[in-house]
Each structure stands twice: as C-alpha cells, then as structure tokens.
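J.:
There are 4 protein chains.
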Amino acid sequence: MHIGIVGLGKMGANMRDRLRTAGLTVTGYDRNPEVTDVAGTAELIAALPAPRLVWVMVPAGAITTSVIADLATKLSPGDLVIDGGNSRFTDDFTHEALLAEQGIHYVDAGVSGGIWGLTNGFGLMVGGSAEDVERAMPVFDALRPEGPREEGFVHAGKVGAGHYAKMVHNGIEYALMQAYAEGYELLEKRDDLIHDVPGIFTAWQRGTVVRSWLLELLVRALKDDPQLGDIEGYVEDSGEGRWTIEEAINNAVPVPAISASIFARFTSRQEDSPAMKAVAALRNQFGGHAIKKAD
Amino acid sequence: MHIGIVGLGKMGANMRDRLRTAGLTVTGYDRNPEVTDVAGTAELIAALPAPRLVWVMVPAGAITTSVIADLATKLSPGDLVIDGGNSRFTDDFTHEALLAEQGIHYVDAGVSGGIWGLTNGFGLMVGGSAEDVERAMPVFDALRPEGPREEGFVHAGKVGAGHYAKMVHNGIEYALMQAYAEGYELLEKRDDLIHDVPGIFTAWQRGTVVRSWLLELLVRALKDDPQLGDIEGYVEDSGEGRWTIEEAINNAVPVPAISASIFARFTSRQEDSPAMKAVAALRNQFGGHAIKKAD
Amino acid sequence: MHIGIVGLGKMGANMRDRLRTAGLTVTGYDRNPEVTDVAGTAELIAALPAPRLVWVMVPAGAITTSVIADLATKLSPGDLVIDGGNSRFTDDFTHEALLAEQGIHYVDAGVSGGIWGLTNGFGLMVGGSAEDVERAMPVFDALRPEGPREEGFVHAGKVGAGHYAKMVHNGIEYALMQAYAEGYELLEKRDDLIHDVPGIFTAWQRGTVVRSWLLELLVRALKDDPQLGDIEGYVEDSGEGRWTIEEAINNAVPVPAISASIFARFTSRQEDSPAMKAVAALRNQFGGHAIKKAD
Amino acid sequence: MHIGIVGLGKMGANMRDRLRTAGLTVTGYDRNPEVTDVAGTAELIAALPAPRLVWVMVPAGAITTSVIADLATKLSPGDLVIDGGNSRFTDDFTHEALLAEQGIHYVDAGVSGGIWGLTNGFGLMVGGSAEDVERAMPVFDALRPEGPREEGFVHAGKVGAGHYAKMVHNGIEYALMQAYAEGYELLEKRDDLIHDVPGIFTAWQRGTVVRSWLLELLVRALKDDPQLGDIEGYVEDSGEGRWTIEEAINNAVPVPAISASIFARFTSRQEDSPAMKAVAALRNQFGGHAIKKAD
C-alpha cells in the first residue's frame, strides 16, 4: 500500500516512520523542506496511485480546513482523505461536505499516544463509512499498538465519531490526572505522618484499583524529582478539554469531575484571582475581616 | 431584665451596648480589665438576680467549653446559660449535658450580622426548650433587628439547632459570595466589551433577581476601589464553612456549590499548588509538554 | 416620545403597559391579532415618527434575527433598534452589522425582573454607543425601577455588553439559587434536630448576611408549601446559564459554583444516570459490590 | 513463619489462603464456627509462637477496636498486631496507644485489591516502626503481588500512614471511576453519532493515555451488558471516600474532583432531591416557570 501524509511535524513524522517500518510506502509533504518528500500537494497527489489515500496531520482548525480545501481541488472522485489531527468533531462535518462535493471520501481519526506512539503504537478511534474504514485498515493496523485490533482501534461510528471519541478520551484524561494530583497533595500535605510519597505511588502499580499508565508516568516523574521541586504548578489546557465541557453543556450531561479539572488548570495559570479578590473585598465589608493588601 | 455577659470582645461589647440601649440591665465580664464591669465570673453571678441568665460570647471551642464548665460550678439550678458564640453545634450537646448535671438550663444561639449588628440588629437562630427560649425572649427581642420578630429570629429546634442553622447560614453565605465573585471575574475578563463593571453591580441593586445585601456590599467595595487593585485574592475560611461540608458528608447531602466555595478559598492561599505540580509533571511525561521550571 | 415594540408576549406586553403608564406613546406589533396594535411591521414603522425607535422583544435566536433582518429592510438610516430579548451577546454583533449596513443604529438591552417587572420595574443593562443609549433614555427610565437611575440601569459598554452582563447576571442567579437549595437540604435532612425549616429562612430576612430577594421568594414558597411536598425536584435551565459556562471556558475563568448549579439541574432531569450506572458497574466488577438491578 | 489472623470474612479467608499457598503457617479465628481454626482468641494466641504476630481483619470502627482491646489483654510484651482492615487512620493512634500500654507493637496496613487479591496479590501500604515492618515482611511478601516488592508494597511512614495512604487511594479511585463514568455518558448520549460505545472503551486499552485496570473492568462490564441496561445508577459510598473529604477539609487541600465523585454518589441514591425542589420552587416564584407537581 502507498499512502500520502500531509504534515510531518512530530506526530506526522513519527507516523511516517511507523508506517514505513510496517512495510507501507509513504510519501510525505510538509512546508518544511528539511523533512518533506515532495515539493507540494500537487506532487504528493501525482506520486500516489489512484484511488488515493491521504492522511492529514496538521494543526487543528483553520490550517486543517485549508489543507482539506486544497486537497478537495486536487484529488479525484473516489480518493479518500483521513484527518488524523486533533480536529473538533464539528469540523469533520464541514470537511466531509467539502470533499463530498468532489466525490472524495472522508474518514476522521482520533489519535492517542503522544510521543510514545512511535514505539508503542497509537490508539485509534475512527469515524466514517464501513467501506472507507475498511479500505484504510492497513494504515490503521500499522499505526495501532500490537495486540488484538479491537484493543487499540475502534470504528466508533459516523464521520465525526472518531474525533468525538478522542475528545471524550481527553476529557477523561484531564479528570484522571486531577484525581491523582488531588491524592498527591493529600499525601504531600501530611509530611508529619507520611515519609515516602513517591514510594506510595510506586507501590500502587501492582494489585491496587488505581493502577494505570498515568500512574506509571507519575512514578517516573517522582523518581526524577521526588518533591516535584523543579516544576511549577502551572498547567495549560488544550482544545479537547474545553470542547468536552461545551458538548456536555450542549447535551445536558453533568461533568463535575472533568470541569473541576479544567477549572483547576485555569486557576493554576492566574497570578491572582479576580474572583478571590471580590470574595476578600466582600468579607472585608461585612465582617471587618483583614484583607491582604496587594503590593 | 438584668442579664450577664461573659466575653466583651467586638461582638460581646456591641451586644452589651445594644441590650442597654433597649433598656435592659447588663453586667459584663471580660478578662480585659479595660472593658469588664466586674472582676470575675463569681462577681458576675453575684450581681445577677436569680434565676440568672448568662450570655456567653467567647471564642468557640476550648474557650467556650471552659467558660461553660466554670459557670456549671458557680451557677444555681434553674439558671439559664445561652451560648451566642460561633460554636459547632455538636459542642452544644456537650455543654447542655455539662450544665444539666447541675440543673442549669441551656440555649444555643447562632448570631449573624457581624460588625453591622450593633446598628442593624443581629439575626438570631436559637435552639432549646420552648420554656427556656421564651424566658430569654426579652434579650432576643433587644438584639434582633427591628421589624416582625419572625423575620430576624427563629426558634429553630432542639439544643444545637441554633448553631446548626447558623452553620448552614454561613455555608450558604460562602456560596453566595462565590457566585458574585465568579460573575465579577467573568465581567472583568472582558474589558474589551465591558467598560463599567462597578456600574453593572450597582445597577443590579433594583429590579433584578440577584439583588441582596451582599450585592450592596460588593457595590460599596467597588466604589472604594473600582478594580479591587488594592486587595489580594487571598481568602481565609472559618470553622462554619468546614463544618458545613463535614455535615453534608455525614448526612449524604450533595453540596457542590458550597464545597466549590471552600476549595476556592483553600487555593487562594497557596503559593503554588502541589496538585497542579503533579498535573504538570504528568503532562510533561506523556506529552513532552513544556513545563515551567520553578525558580 | 413614541416608540414601537415588536413582540407582545408576557414580557413585551408588560413593557408596553409600563411605558404607557409612564406617559410614553407605544405602538406594538405581535403576530397574535388579539394583542397587536397594528397589522404588521410595515404599519408599525409607518406609525412611528422618524428617527424611529423600535424595541424588539421576541424569543432569542432565529426569531430575533429574522425580526431584525426584516426591520433592516424596512427602517430608515438613523433609526434605532433595541433588542431587549434574551439574545446571546454574540448575536448582537451579527445584528449590529446587519443594521449598520442600512445605517440603522443598534443597542442591546439585557432585562431582568421577570413577571415582577411590571410593578417593580425592570433591571436594565445596555450596550451601544453613548449617543444611542442617551437617545433611548426616556424608554430606559420608564422601564427601570424607581430610585436612582444607576441602581437599576447601566450602560455597560459596547454593543453586546448589555446581553453579556445579563448572561452573567443569570449565571450568578443560578449559583445563588443553588446555594440556598443546598442549605435547604442540609436543614431539611436533620429533622431530628431542626423543627422549623421555613422559620429559619423567614428569620434570615433581617440582620443576616444571606438576606436577598431570592431568600424572600423562598420564604414565600415555603409559606405556601412548608415541605415543598407538591413540587418535584425537576429543574429546567435556559440559554444564559449554558452560555455563561461557555464564556467561562472561552475566557479561562474558573466557575465551579455556577457550573455546579447547571450540572445539578441536568441531573435533576434524569430518570437514571448513565454515568452512575457506569460507576455501579465498575464497583460490581472490582469489589463484588452488590448492584441494584434495573427493573 | 506462623501467624494468626482474627477475622475470616471474604478478605481474611482469602488472605489465609494466599499466606498458606506461600508456605506460611496460619491459624485463623472467626466467630463463624464453619471457617475458624480455633475456638477463640485465647486459643489463637496459645497456638502462636512468641513473639507473636496477629493480623486483624475485621470490620473497621467499633469491632476493630474491640478486637484490639481484647488482644491487648491477652498478648504479651513484644508481640505485634497488624490491623489490615479498612480502619480510619485516626483510629490507628488509639489502637497503637492501647497496645503500647502493654508493650505490644502495632503496624497498620492499608490493603487494596478486593476480590482479585487472592489471585493477583494485595497492594499493601503500611505504617509503623522500621523494626516492626521488617519483622512482618514475610507476611507482606506473601500477600503482595508478584514482581518487585516496591511495586506492590510500601512502608509509607509512621503508624497511621498505611491507612492514610489507603484512604487517599480510595479517594483517587472514586474520582477515577467518576472520570470514566462522565466519559461514558458523553459517548452514550450521542447515539446519533456514536455506534459502538463498548468498542471505544475496548479500544482504549492499548496505546492511549487513559488505559488502566479500571478501564479493563469497565470493558468487561460492557461486554456482559453493552448498554448497562440491567444496572441501576445507584451507588453506595464507603468510609474512605468520606474521610478523604474530611481530611482535605482539615488540611485545606482543594479536592474538587474527589468531592464531585462523592456528591454524585449521594445524588444517585436520592428518590428526589430536596435541593432541586427548592430551586424549582424559587424559579416558580420569580419567573412563573412551570413546576412539575409531585404525584
């Protein structure tokens, strides 16, 4: 099989490597001349046998849409585009329609695994028609982790279902991280009683209910820096977490733990909290409580 | 009527003033010789006509218990002690039993109103027997705000009910403050669109659903300091808020808004968040996400 | 002054009454022949002196947009449209642009007060240019509550600021209601100790920190039905609450109390919780904990 | 090595089996004559070589305390008691003192693994002196899972540290379960888009960030009952979760995700929510919003 990839950043380049290792032929295009295999998308398309299969792996949002719009003008009816980026699932409906006008097929693929994917394989959640998903199966099989297909790959539903599932995956991920983090603080706070916080996390890796891959990563982090003394409690958040809350709101799904995780990140990035200034001001008004004067 | 007060701090002294203004005779005792009327509790008790009525207004916890234990040894059967401090309602059961052994009656009184109570009157929630509450009614009537008795005073239930109601009052208060504070931050954050945040709060004072006394206080605070520039977002919390959560847990009552208010205060006092350090460490492990190095 | 109103539902009709009572001339149009003053928007516009002032009071979303689009084709340059509905503030930008193409001015007005507005007046938050707001001031003065203008009216900022402020107002309102509701449940749950829950809320109306208009309404509700036995714990939510969360997410503002309020409403409407089914299933798997079988 | 166990319920009996399989000699006592090896604790103690090692595995709280009080009167100085039950860590201080009066040593052991422990081994977190912990190591090594000791066992700190760590473990566990459950509901709600919810969880088992043992259990549950149609969303909670919140409050640690998990369980068990009745009553008062009448 011979496929094209548009976008050879960290993820795209890793995927090209993994696909080639699996024996597939891959032609990749990137604006960066140092990593690209061809000069442009026209050359990429010319290099691929019809019906073509092009994997798009560029930043979500306007860039993905512009790449897909470009492909819509250059590909032929019957070709298949797969968006493997972190697109919002609502964008998939736009992309699908854009390509369908030219008779081009579309599959969306949510991809998990981060920097570990090259060696471990990428967890894949895809959306699209059964035929389109089947056609791309050699690519999915090459990218996904070793083991039974269904444990690292799912055809989740219609176009959009892949990115929706990935979005939910990330929402869950946020709350899992928050769970361990709250536990960490509860342990760390009682240093009068607890003498080996890293040892506790290490010991949870076998036999306990909370064992997980994230736990293993936390053990690794605590091995490097047992008191996390080198790390500031400042945490970014990405689109998927925010979209998860928006979809929860749209669908009237209560998500108190996931939203708590997002809000904790927002707070972590504030120098001072306007809301807490307001609470301090109120307490000062009604109770004569002392306030801390800002410098 | 002639009553005794033990404890003439800010609240106790204000109460003595308000009671005297209402025409009651008050003898107060405080360890501070500058404010006390008598030399000790023995002198206080000697000054009061039997059956006596002693209002205790000292810091909650061990100090209140020691004062009540002292009174238990000195008062006579048929006397009545009222604890008007911020005691935990579970302490009332202990205090009631301690006094009952000597035939001394007990009423607990939750008091709201803070520094405004001297002029506005104090909101009162009391617990005890109907007879004991009736007996102390002239005191309650003098302390409570003008207007119909039932709008500023309630006989809430058995001994403990007064402080329980006050505890819940404070739990609600925390969440009300948090509500306005979140709204404040939402307005303040969009200074591209919103040009008069203090004006918005001011305008909510008439005709809106959110009008309240706390809103008036926030308007006052914003008049003094329209951007709250002089105030740090650092907020203490007191026993009642914490007890509210504990009682919620004990009684399986979901209190997501009240607990959110407490947690926001905890966070406001942290230099850095251990939990968020753990999240940052995790993200760095699995995604290669950049972390902020602590200095 | 002579103004037009489009939309004479409960709110629009109340506003027409209040404006007329204040001495303004009002021509109203509604699709319902029983309440309308004129046959259509063309007749409405013909009846108004130029430059015209038209207040739109129809359901937010597509209906408001279609009314404004219709007015854009019929009004003249220099006329002024005010949207007093519950529009999302982002719609204001669209409406402003739509009208500006025809030289028509636009002001957005967030309105609070519900069914009480007719007698108490409506709390008003408006966005637009200083000139446009000034021009409509007789209308705002007639609609707003008695008392100082700034306590029931605010020019909050640019177009959109009025509805943004109203959205935040409603977000706060949700959390205030949740605060009292959590307190109610904490009191109600301890009927072994607390004998007069309605009396407690009644007593909070004077002298306490938690006094507010919502508290008065709760007292009223508890007077009618002291145990709320006739009411099901089923609560709808409207656009403003959801938009508040979305804006919080968009602007990285932590809103744990407001979101808790929304999630509690979502949960209140569920026959059974899919999430809790999943938790029950998990507990059953790892602990052999008994589960409740669905019927 | 020869040890005694008091308490041969599900957990205690499994532990006896696992210890015997590992080659240790175990004498167990239980009130249930069908499972006990001896007639009473006196017989148990007589059967053990001095210095003795007795593992207590009975329900936490009063029962554990009474067993330990009984052992304190019967064991000899230098003997060692290990409490492997789900005791609150604050009870450990009492138990330690009770035994220390008789010169008896004490170690607390938090145990994870549930019904899977017999085959997988039990995750162990212990507190006590280095000497006492070392002395009991053959027992810990027999009970803990295969693999490096530090991945299934930790000497967490002083007496109490084992149960504290276990308490935090369970708090984390609650939030992890809530995280997956919220994700489940987000997927399940969009059945227009998502056609294979169990397949998605199955696919997350390899290569994704959210892979864990709990995920595997959820996959297993969904295999048995893909729509969880047989399970009611009714979830109990146990002491550890509640204690976690109390300790968080005591130590000013914000735990929004863990508390959200507990509150969700509380709500899951309510026929109707008093708090939501109050919100419905309020909405009805101020907005004339329709309410659902209770039957």
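Chains as they are written, first to last, in our numbering: chain A, 696 to 990; chain B, 696 to 990; chain C, 696 to 990; chain D, 696 to 990. Think of the CB as a built atom: it goes at the ideal place given N, C-alpha and C, for glycine as much as any other residue.
Would you say Leu910(D) reaches chain C, if we count a Cβ-Cβ gap shorter than 7 Å as a contact?
T.: So no, Leu910(D) is outside the interface.
J.: Got a sec, what are the start and stop residues for the alpha helix (DSSP H) Thr962(B) sits in?
T.: Thr962(B) -> alpha helix (DSSP H) spans Pro951 to Ser963.
J.: Please report whether the beta-carbon of Asn946(D) lies at a distance below 7 Å from any beta-carbon of chain A.
T.: Taking Cβ atoms only, chain A reaches closer than 7 Å to Asn946(D), which makes this a yes.
J.: What are the boundary residues of the beta strand (DSSP E) that Ala851(B) is part of?
T.: Unbroken beta strand (DSSP E) run through Ala851(B): Phe848 to Gly852.
J.: Are Thr759(B) and Gly780(B) touching if we call contact CB-CB under 7 Å?
T.: Yes. Within cutoff.
J.: Could you check what DSSP says for Lys988(A) in three-state terms: helix, strand or coil?
T.: The answer is strand: DSSP assigns Lys988(A) an E or B state.
J.: Can you pull the chain C residues whose beta carbon is under 9 Å from the beta carbon of Val904(A), in chain order?
T.: Here the neighbours are Phe981 and Gly982.
J.: With 7 Å set as the bound, which would you pick, yes or no: does the beta-carbon of Glu877(C) sit closer than that to a beta-carbon of chain B?
T.: Chain B, which has a Cβ nearer than 7 Å to the Cβ of Glu877(C), makes this yes.
J.: I'd like to know whether the C-beta of Tyr929(D) is nearer than 7 Å to at least one C-beta of chain C.
T.: It does: the Cβ of Tyr929(D) has a partner Cβ on chain C nearer than 7 Å.
J.: Between the Cα of Lys861(B) and the Cα atoms of Leu888(B), Asn709(B) and Glu942(B), which residue gives the shortest distance?
T.: It is Glu942(B).
J.: Can you find the residues in the same chain that come closer than 8 Å, C-beta to C-beta, to Asp967(A), ignoring five residues on each side of it along the sequence?
T.: Ala989, listed in sequence order.
J.: Return yes when the Cβ of Val905(B) is within less than 7 Å of the Cβ of Leu881(C), no when it is not.
T.: Not in contact: Leu881(C) and Val905(B) (Cβ atoms no closer than 7 Å).
J.: Using DSSP with H/G/I as helix, E/B as strand and the rest coil, what is Ile758(A)?
T.: In the structure shown, Ile758(A) sits in a helix (DSSP, three-state: H, G or I).
J.: Would you mind stating whether Val821(C) and His850(C) have Cβ atoms separated by less than 7 Å?
T.: Cβ atoms of Val821(C) and His850(C): closer than 7 Å.
J.: Taking buried to mean at least 16 other C-beta atoms within 10 Å of its own C-beta, is Glu877(B) buried or exposed?
T.: Counting Cβ neighbours within 10 Å, Glu877(B) comes out buried, since at least 16 surround it.
J.: Per DSSP, Ile777(B) forms a beta bridge with which residues?
T.: Answer is Trp750(B) and Val802(B).
J.: Looking only at its chain, what residues have a beta carbon closer than 7 Å to the beta carbon of Ala959(C), apart from the 5 residues adjacent to it on each side?
T.: Answer for Ala959(C): Gln873, listed in chain order.
J.: Please go through the same chain and pick out, in chain order, the residues whose beta-carbon is closer than 7 Å to the beta-carbon of Gly702(C), but skip the five residues on each side of it.
T.: Asp725, Val751, Met752 and Val753.
J.: Note down, in chain order, every chain D residue with its Cβ under 8 Å from the Cβ of Thr716(A).
T.: Result: empty, since nearest Cβ-Cβ is about 15 Å, beyond 8 Å.
J.: Since I believe Glu846(C) is in contact with Arg901(B) (beta carbons under 8 Å), could you give me their beta-carbon distance rounded to a whole number of angstroms?
T.: The pair is a contact, with the Cβ atoms about 5 Å apart (cut-off 8 Å).
J.: I need the straight-line Cα distance from Phe896(C) to Gly894(D), nearest angstrom please.
T.: Going by the C-alpha atoms only, they are around 51 Å apart.
J.: On a CA-only basis, which of Gly924(B), Phe784(B) and Ile777(B) is nearest Ile698(B)? Give me that one, please.
T.: Among Gly924(B), Phe784(B) and Ile777(B), the Cα nearest to that of Ile698(B) belongs to Ile777(B).
J.: Counting pairs of Cβ atoms below 8 Å between the region 801 to 814 of chain D and the region 709 to 716 of chain D, do you hit three or more?
T.: In short, these stretches touch, since the Cβ pair count reaches three.
J.: For Thr962(D), return the contacting residues in chain C, with the cut-off set at a CB-CB distance below 7 Å.
T.: Correct list: Thr962.
J.: Can you tell me which of Asp827(A), Asn815(A) and Lys853(A) puts its alpha carbon nearest to the alpha carbon of Ala837(A)?
T.: Taking only the C-alpha atoms, the option nearest Ala837(A) is Asn815(A).
J.: Would the beta-carbon of Pro949(D) fall within 7 Å of that of Phe848(B)?
T.: Going by C-beta atoms, Pro949(D) is not nearer than 7 Å to Phe848(B).
J.: Which residues in the same chain have their Cβ closer than 7 Å to the Cβ of Ala717(A), if we skip the five residues on either side of it in sequence?
T.: These residues qualify, in order along the chain: Ala837.
J.: Of the residues Pro746(C), Ser907(C), Ile740(C) and Gly704(C), which one's Cα is nearest the Cα of Pro653(C)?
T.: Outside the displayed range of chain C (696 to 990) lies residue 653(C), so it cannot be described from this structure.
J.: Would you list, in chain order, the members of the region 876 to 898 of chain C that have their beta-carbon closer than 7 Å to a beta-carbon of chain B?
T.: Those residues of the region 876 to 898 of chain C that come within reach of chain B (Cβ to Cβ, closer than 7 Å) are Glu877, Gly878, Glu880, Leu881, Leu882, Lys884, Arg885, Leu888, Ile889, His890, Asp891, Gly894, Ile895, Thr897 and Ala898.
J.: Can you tell me which residues form a DSSP beta bridge with Ala724(B)?
T.: Ala is not the amino acid found at residue 724(B); the sequence shown has Tyr there. DSSP, once it has assigned bridges, lists Val701(B) as partnering Tyr724(B).
J.: Which term fits Gly805(D), buried or exposed, when burial requires 16 or more other beta carbons within 10 angstroms of its beta carbon?
T.: Looking at its Cβ environment, which holds 16 or more other Cβ atoms inside 10 Å, Gly805(D) is buried.
J.: At 7 Å on the CB atoms, spell out the chain A contacts of Glu942(C), in chain order.
T.: Per Cβ cutoff of 7 Å: no residues; Glu942(C) is ~11 Å from chain A at best.
J.: For Gly808(D), does the three-state DSSP call read helix, strand or coil?
T.: Coil.
J.: Can you give me the C-alpha to C-alpha distance between Ala795(C) and Ser761(C), rounded to a whole angstrom?
T.: Taking the straight line joining both Cα atoms gives about 16 Å.
J.: Contact criterion: CB-CB distance below 7 Å. Does Ile698(B) meet it with respect to chain G?
T.: Considering every chain present, this structure includes no chain G. Its protein chains are A, B, C and D.
J.: CA-CA distance, Gly798(B) and Leu770(B)?
T.: Each residue's Cα considered, the two are about 9 Å apart.
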